[in-house]
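Residue numbers (my numbering): -2 to 109.
Every residue gets a Cβ at the ideal spot worked out from N, C-alpha and C, and that includes glycine.
Predicted model, so just to flag it, every value in this text is computed and none were measured.
Heads up: the structure comes next, in structure tokens.
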Amino acid sequence: MASRIKPIEFLGSSLTALRAFPVDARRMAGFQLDRVQRGLDPPDWKPMPSVGPGAREIRVRDESGAYRVLFVSTTAGTVCVVHCFQKKTRRTSRLDLEIARTRFRQLMRVQG
């Protein structure tokens, strides 16, 4: 029996940002998001409680750098990507965290 694939929704400019990743990083991110849609854990992720409860970060690395895809799997069964960005320092920048938090809060308001 095939499992149901969860729909994916990109909030704000997250899809545009993901499309701007280099080809290899974009492919890796897409592969990991596909796993999430199928109810599986991505190969390289970590929880992001600083963004909100249930938020997770997919970690992608290629020769051009480190990239991140922040998402939450909602109670409605949708995978919502709240933010995508290139990570330029060891710590996630305050701006990237704030963008993700703001979109997460908006999503939670809509979800009820």
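Could you give the distance in angstroms between the alpha-carbon of residue i and the alpha-carbon of residue j?
i      : j     : result
Leu30  : Ile2  : 11 Å
Val107 : Asp93 : 21 Å
Ala97  : Arg35 : 23 Å
Gly74  : Arg16 : 24 Å
Lys85  : Gly62 : 8 Å
Arg88  : Thr13 : 23 Å
Let's see if you can read the secondary structure: which residues bound the alpha helix (DSSP H) around residue i?
i      : result
Val107 : 91 to 108
Leu8   : Leu8 -> no alpha helix (DSSP H), and no H or E assigned at all.
With residue i as the anchor, note down where its beta strand (DSSP E) starts and where it stops.
i     : result
Asp59 : 52 to 59
Arg22 : The sequence shown places Ala at residue 22, not Arg. Taken as a continuous stretch (DSSP letters only), Ala22 belongs to no beta strand (DSSP E), being part of the alpha helix (DSSP H) at 20 to 34.
Are the beta-carbon atoms of residue i and residue j separated by less than 8 Å?
i      : j     : result
Arg111 : Trp42 : Here the chain comprises residues numbered -2 to 109, so residue 111 is not present and cannot be evaluated.
Val78  : Phe18 : no
Arg100 : Gly9  : yes
Val69  : Ile5  : no
For residue i, which residues does DSSP report across the bridge?
i     : result
Gly74 : Bridge partners of Gly74: none, in fact.
Ala63 : Arg58, Lys84
Pro44 : Arg53
Under the assumption that residue i contacts residue j (Cβ atoms under 8 Å), give the Cβ distance between them as a whole number of angstroms.
i     : j     : result
Pro39 : Val33 : 6 Å
Ile55 : Ala22 : Between Ala22 and Ile55 the Cβ distance is about 11 Å, and since that is not below 8 Å, they are no contact.
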